[in-house]
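Novice: Taking full-length UniProt numbering, the leading residue of the sequence shown gets 1, the next gets one more, and so forth.
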Amino acid sequence: MAYLTASVVLLGVLGLLNLTLTFGVVRRLRERPADATGGEMTVPALVAGPGALIGTFSAVDTEGSVVDQDVLDDGSLVLFMSPGCPACEDLLPLVAERAGEYGRDRVLAVVTRDEEKEALLGDYLKRLSPVARVVVTEFGDEVTRAFAVKGMPAYVEVGADGRVADSGRTLPRRTDRAGAAG
């Protein structure tokens with residue numbers, strides 16, 4: 001019986017020691033500054049950031065018109081999408097809706113061609129053509145290089161003097177942007 005009592009007391013003491021050490025570790029982790037642990041996980045920039053100068057490019061849209069950096073004025077929107085990209089597939093309906101808020105002449109949709117996903121290209125053209133001028137191109141060509149595109153989906157809102165006003169992955173509503181600016 002003495003061994004049983006000693007075992008129970010020993011297990012109880014070990015449990016309390018474990019609990020005390022766990023609370024100490026949790027307290028230290030909470031006191032630690034966020035930047036010491038890397039802070040919140042951030043997604044690397046997929047396109048040129050605000051203030052970056054847009055490079056020179058020239059391409060032909062699906063209607064046969066030449067598109068270059070000179071057709072992009074203050075407030076224009078440039079979208080980058082890729083058929084077969086799961087995130088692009090998920091965002092395509094939302095992007096098509098929100099691009100419509102800008103007006104077709106102020107939106108350039110750059111859709112990259114992937115031979116393995118060529119069958120999906122038609123859906124992108126069908127959804128984006130009513131709300132944007134569409135350029136079908138290869139990833140890494142002069143259009144994607146001009147905007148420093150590293151991944152998709154991405155958007156760039158053009159500002160004054162051919163610079164990036166805003167960029168990111170998920171296109172915000174134009175009314176949200178106007179409200180934030182005012």
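A virtual CB, placed ideally from N, CA and C, is assigned to each residue, including glycine.
It should be emphasised that the depicted structure is a prediction, and the values quoted were computed from it without experimental measurement.
Would Thr5 be called buried (16 or more neighbouring beta carbons within 10 Å of its own) or exposed?
Specialist: Thr5 comes out exposed.
Novice: Answer yes or no: do Thr56 and Ala146 have a C-beta to C-beta separation smaller than 8 angstroms?
Specialist: Yes, Cβ-Cβ distance for Thr56 and Ala146 is below 8 angstroms.
Novice: My output table needs one value for Tyr155: the three-state DSSP class, helix, strand or coil.
Specialist: Three-state result, Tyr155: strand.
Novice: Give me the Cβ distance between Asp73 and Ser58, rounded to the nearest whole Å; I'm assuming they're in contact under 8 angstroms.
Specialist: Contact doesn't hold; Cβ gap of about 17 angstroms is too wide.
Novice: Work out the CA separation of Glu115 and Tyr124 for me, nearest whole Å.
Specialist: Tyr124 and Glu115: Cα-Cα distance of roughly 15 angstroms.
Novice: Can you list, in chain order, the residues of its chain whose CB lies under 6 angstroms from that of Leu10, leaving out five sequence neighbours each side?
Specialist: Same-chain partners within the cutoff: there are none.
Novice: Going by the CB atoms, is the gap between Val110 and Thr144 shorter than 8 angstroms?
Specialist: Contact: yes.
Novice: Select from Gly24, Tyr102 and Leu171 the residue whose C-alpha is nearest the C-alpha of Leu91.
Specialist: Considering only alpha carbons, the answer is Leu171.
Novice: Applying the 10 Å Cβ sphere with the 16-neighbour rule, what's the burial state of Tyr3?
Specialist: When all chains shown are included, Tyr3 counts as exposed.
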